[in-house]
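Down below is the structure, laid out as structure tokens.
Numbering (our numbering), first residue to last: 16 to 440.
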């Protein structure tokens, strides 16, 4: 698969092509034929020697350029994973960056996907596997999606019904009925990983079905499921309602794993580059603000109202501060139960793609690195961070450790083949 140009590369390419076209159109017929025969790369270089092409491109992509449209909508799911996208409205981050933005609540992830593809929103809160799946046409019509920033890291948990307090290991969960919020979700892939490492085949030894996050607690209470690997606040809400307990935080499976993200379609980024950059800055700014533990109680109060998460402030504070009741009679203090870091590591995308391949969500050969670079805009995120005065990174790739096993993003196919339990076994 040939990588799609990033929004910045696309914009620069458009400027270059426009200048070249103008030069050719203005030239005399004989000279026009000669210039055209040089090829676009050579002609662009020649023009750059006598025309301030670099300055024109910089002007065209001016970070301070006014948004083409100020009124924008962002779809979201009411979970703490989308905290930066949601809080950016009541706490003024969109306005700070020149936008009149409104967040629009969806009932489930399929609705978010459809809103994005059908242009019913300008940007969307998505699960980190979703832009990869949608771009590749897995489970939907192929639509190029950019993921400019991760929203949260960690922030999920395996919650079990209170009747299962004696469960100790994955092997004890054989025959359980689980739910996850979406097929193409970190929740699904982390649950499958955890079960398989414990010798439980997620497609044969248990049942896993999709349930929208706001309906998870009700399904647990009704006995329709034995548990779920879900987003907060619905793990904490199960404890709050005395129906479930937190068996394992997702950070215990993979510490600092990605969860949710900010996304736009390639079409939107190309059509409204200044609006896109303003949204990007607002999200990176808000995400770094949310990463400061000192801001967590303020944020909990801001996102609790009915038009956002519609949850008790005390439930959100327990999630965001990491001081919480676990449903087993103990108060835990885990400050990084959820955290916020916008950098979309390409290696994270590659790991997700390996699990999509492992569980049959993707077929055939995959150019892991090319897809990661096409969808996860890591270098652009660092450029925005630098503009705003936040730390940047030396690489887009790193090794990750999931349940004690090291994942090398340079060896994805070998990693897929190393598992004893997968979709074909």
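Just so you know, even glycine gets a beta-carbon here, dropped at the ideal spot from N, CA and C.
is_contact[residue i, chain B] using C-beta, thresh 8 angstroms
| i | result |
| --- | --- |
| residue 126 | Here chain B cannot be found, since the structure has a single protein chain. |
Beta-carbon proximity of residue i to residue j, cut-off 8 angstroms
| i | j | result |
| --- | --- | --- |
| residue 147 | residue 386 | yes |
| residue 92 | residue 278 | no |
| residue 376 | residue 199 | yes |
| residue 361 | residue 411 | yes |
| residue 337 | residue 352 | yes |
| residue 84 | residue 407 | no |
| residue 211 | residue 436 | yes |
| residue 163 | residue 335 | no |
| residue 302 | residue 388 | no |
| residue 202 | residue 244 | yes |
| residue 306 | residue 354 | yes |
| residue 318 | residue 98 | yes |
| residue 433 | residue 218 | no |
| residue 232 | residue 253 | yes |
| residue 136 | residue 107 | no |
Alpha-carbon to alpha-carbon, residue j and residue i
| i | j | result |
| --- | --- | --- |
| residue 255 | residue 330 | 7 angstroms |
| residue 293 | residue 214 | 47 angstroms |
| residue 242 | residue 251 | 13 angstroms |
| residue 358 | residue 396 | 6 angstroms |
| residue 70 | residue 221 | Confidence at residue 70 is low in this model, with a pLDDT of 42, below 50, so the placement of that residue is unreliable and no value is reported for it. |
| residue 73 | residue 399 | At residue 73, the pLDDT of 45 sits below 50, so the modelled position is not reliable; the number obtained from the coordinates is stated separately. The alpha-carbon atoms of residue 73 and residue 399 are separated by roughly 15 angstroms. |
| residue 197 | residue 206 | 12 angstroms |
| residue 348 | residue 420 | 26 angstroms |
| residue 188 | residue 240 | 12 angstroms |
| residue 154 | residue 237 | 29 angstroms |
| residue 424 | residue 366 | 7 angstroms |
| residue 275 | residue 247 | 12 angstroms |
| residue 178 | residue 186 | 17 angstroms |
| residue 235 | residue 402 | 46 angstroms |
| residue 158 | residue 149 | 6 angstroms |
| residue 422 | residue 382 | 17 angstroms |
| residue 111 | residue 103 | 9 angstroms |
| residue 259 | residue 96 | 20 angstroms |
Beta-carbon separation (whole angstroms), residue i vs residue j, contact threshold 8 angstroms
| i | j | result |
| --- | --- | --- |
| residue 273 | residue 363 | 5 angstroms |
Q | Inside the stretch 193 to 217 only - alpha helix (DSSP H) runs reaching at least 4 residues | A | 201 to 212
Q) Quick one: any contact between the stretch 314 to 331 and the stretch 190 to 197, if contact means 3 or more CB pairs under 8 angstroms? A) no
(Q) So, does the stretch 110 to 125 touch the stretch 280 to 299, judging by three or more C-beta pairs under 8 angstroms? (A) yes
(Q) List, from N- to C-terminal side, the beta strand (DSSP E) runs of 3 residues or more that fit wholly inside the stretch 292 to 361. (A) 338 to 340, 346 to 348 and 353 to 355
Q: Answer yes if the stretch 158 to 171 comes into contact with the stretch 257 to 271, meaning at least three C-beta pairs across the two stretches below 8 angstroms, and no otherwise.
A: yes
**Q.** Runs of alpha helix (DSSP H) wholly within the stretch 261 to 293 (minimum 4 residues, chain order)
**A.** 281 to 286
Q) Would the stretch 119 to 134 and the stretch 305 to 314 be scored as touching if the rule is three or more Cβ pairs under 8 angstroms? A) no
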